[in-house]
Amino acid sequence: MPDQNALKPHSIQKYGWIPDLPDMRDHMYSAPMPTLATLPTSVDLRQQCPPVYDQGQLGSCTGNAIAGAIHFDRLKANQTPDFVPSRLFIYYNERVIEHTVSTDSGAMIRDGIKSVNKLGVCPETPDWPYDITKFAKKPPASAYTDAKRHQVVSYSRLLNTVQQMRGCLAAGYPFVFGFSVYASFESQQVAQTGVVPMPQPSEQQIGGHAVLAVGYDDTQQRFIVRNSWGTGWGMQGYFTMPYAYLTDNNLADDFWTVRMIEA
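So in UniProt numbering, spot 186 of the sequence shown is number 186, and the numbers just go up one at a time.
Structure, rendered in structure tokens:
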């Protein structure tokens, strides 16, 4: 029997992706040539991912997606101790860069990536939990001290081509991205099945959402994506999107991959 929570449109959740502004200084990702030469027909990194987060009624999707990428990379590198990267820490410091700390304004992925490169990220702890009522409160000094021990050492922007996206996933790494959300994304069908359709011309755009791509399937021509709405939505918190959704500049943008350890 399906989870009853999954049968309800998840409209109580907020979005929060603001498209990046163009910056010619971005370092572009290039998938390894041996990987591109022998791309498998499918990749699924879900078994290597940490438990799905729930952002709640806060526009912190960028912080949740980036935290998921960092958490994945720490697990992949067997870094200890295991912890959930502080999503509020990332979201706060994104908004410091954007001068919007007092409002739940959402944020740009690039600013989140730059913050975890410069400042790092602290763990979520009993002293600094994911309490959305404290989104505008500056993290304690101890959080910034701890964060310095957990800095992203490199990050790259992906071209929105199927080859580069699949190459990144086939190399064993997820990527963060943002997409325009349309009404069908909040439908009961998507909440129950996790299968996101291409938006129809008549659909209303609702907002922008940041998520983490963790796989693909050439047969279905779909990417596997990790959401931050808990496990009661979609496929235990995951969903699939058509390749065409991510390669359309009008529908998706800001593809980033991070590393906690230099390759």
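For glycine and all other residues, C-beta sits at the position ideal for the given N, C-alpha and C.
For residue i, is the classification buried or exposed, using 16 other Cβ atoms within 10 angstroms of its Cβ as the cut-off for buried?
i, result
"Ser115", "buried"
"Ile261", "exposed"
"Asp131", "exposed"
"Asn249", "exposed"
"Gly172", "exposed"
"Val153", "exposed"
"Leu212", "buried"
"Asp146", "buried"
"Ala37", "exposed"
"Ser11", "Its pLDDT being 47, under 50, Ser11 is placed unreliably by the model, and the measurement read from it follows with that caveat. Under this definition Ser11 is an exposed residue."
"Asn78", "exposed"
"Met108", "buried"
"Gln111", "The question names Gln, yet the displayed sequence has Asp at residue 111. Flag for Asp111 reads buried."
"Trp229", "buried"
"Pro81", "exposed"
"Pro32", "exposed"
"Pro85", "buried"
"Pro174", "buried"
Rounded to whole angstroms, how far is the Cβ of residue i from the Cβ of residue j, which I believe are closer than 8 Å?
i, j, result
"Val176", "Met241", "With 8 Å as the limit, Val176 and Met241 do not qualify as a contact, their Cβ atoms being about 14 Å apart."
"Gly120", "Lys148", "5 Å"
"Cys168", "Tyr29", "6 Å"
"Gly178", "Ala252", "7 Å"
"Val258", "Tyr155", "5 Å"
"Lys14", "Gln48", "Contact doesn't hold; Cβ gap of about 28 Å is too wide."
Would a C-beta distance cut-off of 8 Å place residue i and residue j closer than the cut-off?
i, j, result
"Gly68", "Arg226", "yes"
"Arg87", "Gly63", "yes"
"Met165", "Phe72", "no"
"Ile206", "Tyr182", "yes"
"Ala136", "Val101", "yes"
"Gly215", "Arg74", "no"
"Gly208", "Pro19", "yes"
"Ser184", "Pro201", "no"
"Arg157", "Asp44", "no"
"Trp128", "Cys61", "no"
"Thr219", "Thr41", "yes"
"Thr247", "Thr193", "no"
"Leu39", "Ala170", "yes"
Based on DSSP bridge pairs, tell me the residues matched to residue i.
i, result
"Phe255", "Leu158"
"Met241", "Phe223"
"Trp128", "DSSP output for Trp128 lists no bridge partner at all."
"Met235", "Tyr238"
"Met28", "Arg157"
"Leu75", "In DSSP, Leu75 forms no bridge with anything."
"Gln205", "Tyr182"
"Phe175", "Ala213"
"Ser115", "In the DSSP output, where bridge partners are listed per residue, Ser115 has none listed."
"Asp44", "Gly215"
"Asp146", "Partner(s): none; Asp146 has no beta bridge."
"Val195", "Thr240"
Taking only beta-carbon atoms, is residue i less than 8 Å away from chain B?
i, result
"Thr62", "Looking for chain B here will not work: only one protein chain is present."
Next item on the list: Count the CB pairs spanning the segment 180-190 and the segment 137-156 that are closer than 8 Å, and state whether there are at least three.
Entry: no
Margin query: Check whether the segment 94-103 and the segment 37-53 are in contact - that is, three or more C-beta pairs closer than 8 Å.
Written below: no
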